[in-house]
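Single-structure report; data block below.
Protein chains: 2
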Amino acid sequence: MITIKQGNSPLQSKNKEDACDGCPVRHSSFCEVLDKSEMDKLSQITHSVNFKAGHLIVSEEQDANYLYNIVNGMVELYKLLPDGRRQITGFLHQGDLLGLLVGEEYPYHAVALTDVELCCVPKDSANKLFQDFEKIEGYLLKKASHELAEAQERMLLLGRKTAEERLATFLIAQLKRQNKDEKANEIHLPMMRSDIADYLGLTTETVSRVFSKLKKERLVEIPSSEKSNIIVLDIKRLKDVSEGLS
Amino acid sequence: MITIKQGNSPLQSKNKEDACDGCPVRHSSFCEVLDKSEMDKLSQITHSVNFKAGHLIVSEEQDANYLYNIVNGMVELYKLLPDGRRQITGFLHQGDLLGLLVGEEYPYHAVALTDVELCCVPKDSANKLFQDFEKIEGYLLKKASHELAEAQERMLLLGRKTAEERLATFLIAQLKRQNKDEKANEIHLPMMRSDIADYLGLTTETVSRVFSKLKKERLVEIPSSEKSNIIVLDIKRLKDVSEGLS
DNA sequence: CGGGCACTTGAAGTCGATCAAAGTGTGTGG
DNA sequence: CCACACACTTTGATCGACTTCAAGTGCCCG
Numbered sequence: 004m005i006t007i008k009q010g011n012s013p014l015q016s017k018n019k020e021d022a023c024d025g026c027p028v029r030h031s032s033f034c035e036v037l038d039k040s041e042m043d044k045l046s047q048i049t050h051s052v053n054f055k056a057g058h059l060i061v062s063e064e065q066d067a068n069y070l071y072n073i074v075n076g077m078v079e080l081y082k083l084l085p086d087g088r089r090q091i092t093g094f095l096h097q098g099d100l101l102g103l104l105v106g107e108e109y110p111y112h113a114v115a116l117t118d119v120e121l122c123c124v125p126k127d128s129a130n131k132l133f134q135d136f137e138k139i140e141g142y143l144l145k146k147a148s149h150e151l152a153e154a155q156e157r158m159l160l161l162g163r164k165t166a167e168e169r170l171a172t173f174l175i176a177q178l179k180r181q182n183k184d185e186k187a188n189e190i191h192l193p194m195m196r197s198d199i200a201d202y203l204g205l206t207t208e209t210v211s212r213v214f215s216k217l218k219k220e221r222l223v224e225i226p227s228s229e230k231s232n233i234i235v236l237d238i239k240r241l242k243d244v245s246e247g248l249s
Numbered sequence: 004m005i006t007i008k009q010g011n012s013p014l015q016s017k018n019k020e021d022a023c024d025g026c027p028v029r030h031s032s033f034c035e036v037l038d039k040s041e042m043d044k045l046s047q048i049t050h051s052v053n054f055k056a057g058h059l060i061v062s063e064e065q066d067a068n069y070l071y072n073i074v075n076g077m078v079e080l081y082k083l084l085p086d087g088r089r090q091i092t093g094f095l096h097q098g099d100l101l102g103l104l105v106g107e108e109y110p111y112h113a114v115a116l117t118d119v120e121l122c123c124v125p126k127d128s129a130n131k132l133f134q135d136f137e138k139i140e141g142y143l144l145k146k147a148s149h150e151l152a153e154a155q156e157r158m159l160l161l162g163r164k165t166a167e168e169r170l171a172t173f174l175i176a177q178l179k180r181q182n183k184d185e186k187a188n189e190i191h192l193p194m195m196r197s198d199i200a201d202y203l204g205l206t207t208e209t210v211s212r213v214f215s216k217l218k219k220e221r222l223v224e225i226p227s228s229e230k231s232n233i234i235v236l237d238i239k240r241l242k243d244v245s246e247g248l249s
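Each protein sequence line maps, in turn, to chains A and F. Count the first sequence with my numbering and you get residues 4 to 249, in order. Count the second sequence with my numbering and you get residues 4 to 249, in order.
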């Protein structure tokens, strides 16, 4: 069972005017498509929000009143079955969007994995947002299709890969995301083993056992004191394992 | 192993001018956001394509030159592992989009499950499409977010549900899709058991066994001659099963 | 120092996979 | 029209990967 600290409502966490003055909004990923003056205008209708690690940001079936852009930190999305089984559907990083949806309600829970800073767009402003900044809609579409492709990759993982292949796939993906440099081989995993398990459709025990197996095979190394740091010893071979070649 | 008939290249299957004259494009789901004159204009840059059941429409890593809209019929999307393991990531129905993506290449294979008719937008026209018809982009975004929510639901299924729960979930979803009427209880499944298996992350044998179990429990009925027709005897209880309540 | 939490490791159990065979419906050619 | 082949489905028996249950370890923090 997961314990979640009570989440702040977005507006509590920071005074709205302060947030805009401090201009963290400028660092939202919207700057990829908007120029400086547009970002200034954008900051009129958005504000910054902070959540401490472990806090609930949105919950399933809660009215979707905000669209968030992760400014920094990491967020996990998950769905639950009535009996408590949990599937983490994604880890969100800087620049990712949270709350992009059709319906009235969020289709998932979102929890801050680390301390996070979010750029928060009230939903009623969203339509205005689209009118004022046409580019935004195309940008969101691009983001959404990208996520869709990732989701399909994940379905392949969950439906057809073995435990070892799943963890290898996960590590390779994290490695790619965290390093521009092709050769870099260090990964930092801010989430617990049980989060990795719920992301990969496994149990913590299995994740732990597979980590041990990968260590024994000299594919990775894990300093015993800092279990959240992984060193990949053989990227090529790990990649092969992730695709079932081995 | 799956045998796939050689797909036609889009332009072979029908004479372009004929397709537009026959105005099947008018029946593409874009009509949900465009008025008649806009649809006429749209049909200038799109054309109709037909594929016979079993034929390959697009394949993974093939250059994504077209965006398709399913006019009628059914399409399956899937990804493969090097050793042949297959995961079907979606069944597309009337109005669904095929080929909405960021990259240069399709991230999946698409095969016609039934005879299908597609509305085909060449990619170079797509940008023009967005400029001329601003509404289209918002429409695509809506479609994409909807698909994203479905993908997350599927991850929960693949990562955390039992075989019985998966099949029940699948049947309930098909029932909803095929019937406006809440009370209707007939489902037609154009795909084979092995397709259902590859969609649910199971084997054909397991799918078959679970069907037998559901029959024995009087949750469904399957006429022995028409295995593609399913009658749901107890929707409420099947729904409970799909959520792990039972 | 001790309690708690995350993680690891071990032993036993189970669900679905695999292997094998039989059943069912369809189409084809004699 | 029947017989045979083929493709799909079902059923049965066995197997194995991952889960479950149960200890045990190490680390942090009061």
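Beta carbons: idealized from backbone N, C-alpha and C, even for Gly.
Local conformation of P13(A) per DSSP, three classes: Note that P13(A) scores 42 on pLDDT, short of 50, meaning its location in the model is unreliable and no value can be drawn from it.
According to DSSP, residues forming a beta bridge with Q3(A): A question about residue 3(A) goes unanswered here, because the residues of chain A that appear run from 4 up to 249.
Chain A within 8 Å of F133(F), Cβ atoms only: Cβ-Cβ to chain A under 8 Å: yes for F133(F).
Three CB pairs or more closer than 8 Å across the region 109-129 of chain A and the region 61-72 of chain A: The region 109-129 of chain A, when compared against the region 61-72 of chain A, does touch it at the 8 Å Cβ threshold.
Environment of P110(F) [buried if 16+ CB atoms lie within 10 Å]: Classification for P110(F): buried.
Top-ranked residue by Cα proximity to L170(A), from S31(A), K242(A), S32(A), L59(A): The option with the nearest alpha carbon to L170(A) is K242(A).
Residue-chain proximity (G141(F), chain A), Cβ-Cβ < 8 Å: Taking Cβ atoms only, chain A reaches closer than 8 Å to G141(F), which makes this a yes.
Cutoff 6 Å; reference L83(A); Cβ partners in own chain excluding five residues on either side: R89, listed in sequence order.
Cβ pair Y3(F), D201(F) closer than 8 Å: Missing from the structure shown is residue 3(F); chain F here goes from 4 to 249 and no further.
The region 154-171 of chain F contacting the region 40-52 of chain F, beta-carbon criterion three pairs below 8 Å: Too few Cβ pairs lie closer than 8 Å, so no.
Amino acids of chain A, ordered along the chain, whose beta-carbon sits closer than 8 Å to that of S148(F): Listed along chain A, the residues sitting closer than 8 Å to S148(F) by beta-carbon distance are L103, L104, V105, A147.
Against chain F: residues of the region 153-169 of chain A by CB proximity under 8 Å: Of all residues in the region 153-169 of chain A, the ones placed with a Cβ closer than 8 Å to any Cβ belonging to chain F are A154, Q155, E156, R157, M158, L159, L161, G162, R163, K164, in chain order.
E79(F) burial status per 10 Å Cβ neighbour count (16 or more: buried): Flag for E79(F) reads buried.
Cβ distance (whole Å) where D198(A) is taken to contact I91(A) below 8 Å: Between I91(A) and D198(A) the Cβ distance is about 6 Å, and since that is below 8 Å, they are a contact.
Separation of S227(F) from Y142(F), as counted between CA atoms: Distance between the alpha carbons of Y142(F) and S227(F): 42 Å.
8 Å Cβ cutoff, Q177(A) in contact with chain F: Closer than 8 Å: no.
V105(F) and H149(A) closer than 8 Å at C-beta: Closer than 8 Å, so yes.
For H112(F), the first and last residue of its enclosing beta strand (DSSP E): Per DSSP, H112(F) belongs to the beta strand (DSSP E) from 112-115.
Of the listed residues G87(A), D86(A), V119(A), nearest to D99(A) (C-alpha basis): If we check each option's Cα against that of D99(A), V119(A) comes out closest.
Closer than 8 Å to chain F by CB, Q65(A): Answer no: the Cβ-Cβ gap between Q65(A) and chain F never drops below 8 Å.
Neighbourhood of E224(F) by C-beta distance below 7 Å, restricted to the same chain and skipping five residues each side: So the list reads K218, I234, L236, once near-sequence residues are dropped.
Selection of the region 70-90 of chain F by Cβ proximity to chain A, strictly under 8 Å: Of all residues in the region 70-90 of chain F, L80, K82, L84, P85, D86, R88, R89, Q90 have a Cβ within less than 8 Å of some Cβ in chain A.
For I199(A), the first and last residue of its enclosing alpha helix (DSSP H): Membership of I199(A) in the alpha helix (DSSP H) is indicated by the continuous run 196-203.
Chain F contact residues for T92(A), given Cβ-Cβ distances below 7 Å: Result: Q155, M158.
Status (buried if at least 16 other CB within 10 Å, exposed otherwise) for E108(A): Exposed, by the Cβ-count rule.
Best match in M42(A), L151(A), F94(A) for proximity to M195(A) [C-alpha to C-alpha]: Put simply, of M42(A), L151(A), F94(A) the residue whose alpha carbon is nearest the alpha carbon of M195(A) is F94(A).
Residue-level contact to chain A via CB, L95(F), 8 Å cutoff: With respect to chain A, the C-beta atom of L95(F) has no partner C-beta closer than 8 Å.
Proximity winner among E63(F), S31(F), V36(F), D38(F), relative to E156(A) (alpha-carbon distances): Taking only the C-alpha atoms, the option nearest E156(A) is E63(F).
Within 8 Å, strictly: CB atoms of S249(F) and P193(F): Going by C-beta atoms, S249(F) is not nearer than 8 Å to P193(F).
Local Cβ density within 10 Å of H112(F), reported as buried at 16 or more and exposed below that: Taking all protein chains shown into account, H112(F) has 16 or more neighbouring C-beta atoms within 10 Å of its C-beta and is therefore buried.
Whole-Å CB distance - L161(F) paired with G204(F), under 8 Å assumed: About 5 Å separates the beta carbon of L161(F) from that of G204(F), a gap short enough to meet the 8 Å contact definition.
Contact belief for A147(F) with L151(A) at Cβ below 8 Å, rounded distance in angstroms: Rounded to the nearest angstrom, the Cβ distance from A147(F) to L151(A) is 6 Å, consistent with a contact under 8 Å.
Own chain, CB closer than 7 Å to E41(A), minus 5 neighbours either side, in chain order: Its chain contains F136 as the residues whose beta carbon lies nearer than 7 Å to that of E41(A), once the 5 sequence neighbours on both sides are disregarded; these appear in chain order.
Residues that E137(F) contacts on chain A, provided the C-beta gap is smaller than 9 Å: Here the neighbours are E137, E140.
Residues near T172(F) by beta carbon distance below 7 Å, same chain, minus five either side: Same-chain partners within the cutoff: L160, K164, S245.
Three-state secondary structure (DSSP) of G247(A): Coil at G247(A), not helix or strand.
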